[in-house]
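Q: Dropping a structure here in structure tokens format, bear with me for questions.
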Amino acid sequence: MIQKAIDILKSSKSVFVLTGAGISAESGVPTFRDADGLWKNYSATDLATPEAFARNPALVWEWYHWRQSIILKAAPNPAHYALVELEKKFSTFLLLTQNVDNLHRRAGSQNVLELHGNIFRARCLSCGNVQEHTIDPDNEVNNLPTCSCSGLLRPDVVWFGEPIPQDVWQQSLTFLNQTDVALISGTSGIVWPAAAIPELAKKGGIKTIEVNLESTPISPIVDISLQGKAGEILPQIVQKL
Ligand code: OAD
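What follows is the structure, encoded as structure tokens:
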């Protein structure tokens with residue numbers, strides 16, 4: 026099966042990649058829906074909502090700061106680096122990620138679009154100003170972060186029930202429409218609109234390859250579904266291109 030994926034990529038000129046939390050799992054960053062997905066008994070869907078923030082901003086910030094501290098101490102893994110190498114082999118390449126952890130850029134990927142924002146940015150609820158926001162991972166954060174206008178800051182990420190950045194989505198669809206192959210890795214394929222990508226690719230006659238630890242709702246749709254760790258399978262594919 027890996028060979029089939031390699032053959033598809035070898036006959037392609039343009040590649041679209043979609044990633045999710047599973048790509049960063051081997052860096053030690055917890056995913057959202059696997060066994061390690063709970064934080065203090067809360068799930069992502071309990072915390073990543075505007076309602077949760079309105080109810081208890083300190084709790085939501087505590088979760089984001091905890092996630093930041095893990096990400097800051099983590100490093101990109103072989104899956105991230107394989108995608109850096111993949112990009113170098115194609116003249117047209119786009120990596121769309123649902124991850125907010127910045128690890129693709131830290132690894133060296135160039136053409137990256139973030140569908141759900143970035144955990145190292147915050148946005149002011151009063152004046153709308155977007156700013157960098159990175160904690161010192163060795164010191165506890167006690168106060169709610171505020172803007173220079175004294176408004177409350179929130180993480181500059183997309184929460185459940187909120188619109189995704191339309192420019193990012195449009196650019197992704199434009200690229201998807203003219204690409205040869207879509208490689209989808211490390212996503213459970215249940216959060217929209219990213220979950221629509223395999224279906225859209227199929228409808229557009231684009232070849233589809235999935236690399237995931239386990240079978241997902243995407244698996245029956247794609248041309249090739251490879252099960253295993255992204256950090257093992259992606260390097261195996263890329264080194265044979
Ligand atoms: P999920 O946590 O839903 O899914 C992670 C997927 O990665 C699962 O299918 C795992 O089997 C797979 N996986 C885990 N380790 C892996 C490994 N080493 N190699 C390959 N695959 C592995 O994460 P996402 O699909 O990214 O949104 O979740 C989508 C969105 O839901 C997130 O961006 C976040 C979340 O709530 C928001 O916060 C808005």
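The opening residue of the sequence shown carries number 26 in this note's numbering; numbering runs sequentially from there.
Backbone N, C-alpha and C define an ideal beta-carbon position, used for all residues, glycine too.
(1) If the criterion is Cβ atoms closer than 8 Å, does the pair isoleucine 48 and histidine 141 meet it?
(2) What is the DSSP secondary structure of isoleucine 209, counted as helix, strand or coil?
(3) So which of Lys113, Leu108, Val166 and Arg146 has the shortest CA-CA distance to leucine 84?
(4) May I ask which residues mark the beginning and end of the beta strand (DSSP E) holding valine 182?
(5) Report the rounded CA-to-CA distance for aspartate 61 versus arginine 131, giving the unit in angstroms.
(6) By DSSP's criteria, threonine 117 is part of a beta bridge. Which residues make up the other side?
(7) Quick check: does the Cβ of serine 210 come within less than 7 Å of any heavy atom belonging to ligand 1?
(8) What separation, rounded to the nearest whole angstrom, lies between the Cα atoms of isoleucine 249 and phenylalanine 118?
(9) Who pairs with valine 236 in a beta bridge, going by DSSP?
(10) Give a yes or no on whether the C-beta atoms belonging to leucine 251 and isoleucine 243 are separated by under 8 Å.
(11) What is the rounded straight-line gap between the Cα of glutamine 93 and the Cα of isoleucine 215?
(12) Report all residues from its chain with a CB closer than 6 Å to the CB of arginine 58; omit the five preceding and five following residues, and keep chain order.
(13) Among the candidates Leu128, Ala219 and Thr44, whose CA atom is the shortest distance from the CA of leucine 238?
(14) Buried or exposed: alanine 107, going by 16 or more other Cβ atoms within 10 Å of its Cβ?
(15) Here's a check: name, in chain order, each residue in its chain whose Cβ is nearer than 8 Å to the Cβ of asparagine 136, leaving out the five neighbours to either side.
(16) Starting from the Cα of glutamate 235, find the closest Cα among Leu208, Gly229 and Lys227 and give me that residue.
(17) Skipping 5 residues on each side, what residues in its chain have a beta carbon closer than 8 Å to that of leucine 138?
(18) At a threshold of 7 Å, does glycine 53 count as lining ligand 1 (C-beta to nearest heavy atom)?
(19) Need the endpoints of the beta strand (DSSP E) that alanine 147 sits in, please.
A: According to the structure data:
(1) Result no, Cβ atoms of isoleucine 48 and histidine 141 do not sit closer than 8 Å.
(2) Taken through DSSP and simplified to helix, strand or coil, isoleucine 209 comes out as strand.
(3) Of all alpha-carbon atoms in Lys113, Leu108, Val166 and Arg146, the one lying nearest the alpha-carbon of leucine 84 is that of Val166.
(4) Its beta strand (DSSP E) spans residues 178-182.
(5) Spanning the two alpha carbons is a distance of roughly 24 Å.
(6) Threonine 117 is bridged by DSSP to Ser39.
(7) Correct: serine 210 has its Cβ closer than 7 Å to ligand 1.
(8) So the two alpha carbons sit approximately 20 Å from each other.
(9) Paired residue(s): Ser210 and Leu251.
(10) It is not a contact, given that the beta carbons lie outside the stated cut-off.
(11) One alpha carbon belongs to glutamine 93, the other to isoleucine 215, and they sit about 24 Å apart.
(12) When the five nearest sequence neighbours on each side are left out, the beta carbons in the same chain lying within less than 6 Å of the beta carbon of arginine 58 are those of Ser213, in order along the chain.
(13) Nearest of Leu128, Ala219 and Thr44 to leucine 238, Cα basis: Thr44.
(14) Label assigned to alanine 107: buried.
(15) Cβ neighbours of asparagine 136 beyond the five flanking positions: Glu112, Phe118, Leu119 and Leu120.
(16) It is Leu208.
(17) Cβ within range, chain order: Leu119, Leu120, Leu121, Thr122, Val193, Gln196 and Ser197.
(18) No, since every heavy atom of ligand 1 falls outside the 7 Å radius drawn around the Cβ of glycine 53.
(19) For alanine 147, the uninterrupted beta strand (DSSP E) segment begins and ends at 142-149.
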